[in-house]
Structures are given as C-alpha cells and as structure tokens.
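Colleague: Residue numbers (the working numbering): 23 to 154.
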C-alpha cells in the first residue's frame with residue numbers, strides 16, 4: 023500500500039478484542055496512531071468492509087483495564103507471513119466514555135513524549151485533539 027500519510031505515526035502496542043457487524047469477532051492489536059487515525063492488525067476470515075464500524079475492548083497496561091471504542095474502517099490490507107494477524111486496517115478510533123478517553127489520552131501523551139522529535143510537525147495538542 024502506498025504511503026499517503028501527512029502526519030507522523032507513533033507506535034503503540036495495545037491488545038484487544040473486536041466485534042464486527044455482530045457476525046465476526048476475534049483478537050486485534052492497535053499498532054500505531056496519528057492525528058489522522060489508528061492502524062490495527064486483526065485476525066478474521068475476511069476483511070472488514072470499508073465504512074464498517076467495529077466495536078473494540080482494548081486492554082490498557084499496567085492493570086489491563088478494558089476500554090470500549092468504535093473503529094471506523096477507512097482501508098484494509100492482507101498481511102502475508104504473519105502468524106497471529108492476517109489483516110491490517112486503518113481508520114478513526116472513537117472513544118465515547120469520558121474515563122476511557124482520559125485513560126487513552128494519557129497513554130498517547132506518554133507515547134508522544136517517548137517518540138516525538140523536534141523536527142516533526144505533529145504536536146501533542148493536535149494528537150490529543152484528534153482523539154476528542
């Protein structure tokens with residue numbers, strides 16, 4: 023897939039479970055985030071439809087708290103040679119519960135402080151705003 027991203031991606035590592043349209047469910051992993059969205063790897067019998075809204079329960083360290091989120095699929099691709107996940111998808115992650123959103127924003131702030139570079143255009147404020 024050709025890279026068309028305008029903003030910097032920040033690697034994250036969160037494991038969860040998903041349910042798509044009530045007919046498929048399984049494990050997933052959030053692997054990066056930017057102001058434009060989130061990339062997720064997942065295991066399924068077929069790709070998610072573009073525009074589908076996938077519900078997720080995401081585990082947050084260190085206490086493995088579960089937060090609920092909705093993921094709107096913008097693109098999909100098949101992954102070759104991976105044993106755990108066979109698809110990758112990009113899209114918008116929406117967290118409606120205030121406490122869950124706060125936990126996620128704190129996690130993203132910590133990730134940003136580790137991976138950001140002075141010459142990158144993405145600001146922490148823009149990244150946090152994209153999660154609201």
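Don't be surprised by glycine CBs; every beta carbon is placed ideally from N, CA and C.
1) Tell me where the beta strand (DSSP E) around residue 94 begins and ends.
2) Quick one: using the 10 Å Cβ neighbour count with 16 as the cut-off for buried, is residue 106 buried or exposed?
3) Closest to residue 113 by CA distance: which of 45, 44, 60 is it?
4) Would you say the stretch 88-100 touches the stretch 127-136, given that touching needs at least three Cβ pairs under 8 Å?
5) Is residue 104 helix, strand or coil when you go by DSSP?
6) Using 10 angstroms around the beta-carbon of residue 115, count the other beta-carbons present and answer buried if the total reaches 16, otherwise exposed.
7) Here's a check: name, in chain order, each residue in its chain whose Cβ is nearer than 6 Å to the Cβ of residue 84, leaving out the five neighbours to either side.
8) What would DSSP say about residue 122, mapped onto helix, strand or coil?
9) Who are the Cβ neighbours of residue 108 in its own chain at under 6 Å, not counting the five residues just before and after it?
Modeller: With the given structure in hand:
1) 87-100
2) exposed
3) 60
4) No, because fewer than three Cβ pairs between the stretch 88-100 and the stretch 127-136 fall closer than 8 Å, the two stretches do not touch.
5) coil
6) buried
7) none
8) In this structure, residue 122 counts as helix in the three-state DSSP scheme.
9) 65, 101
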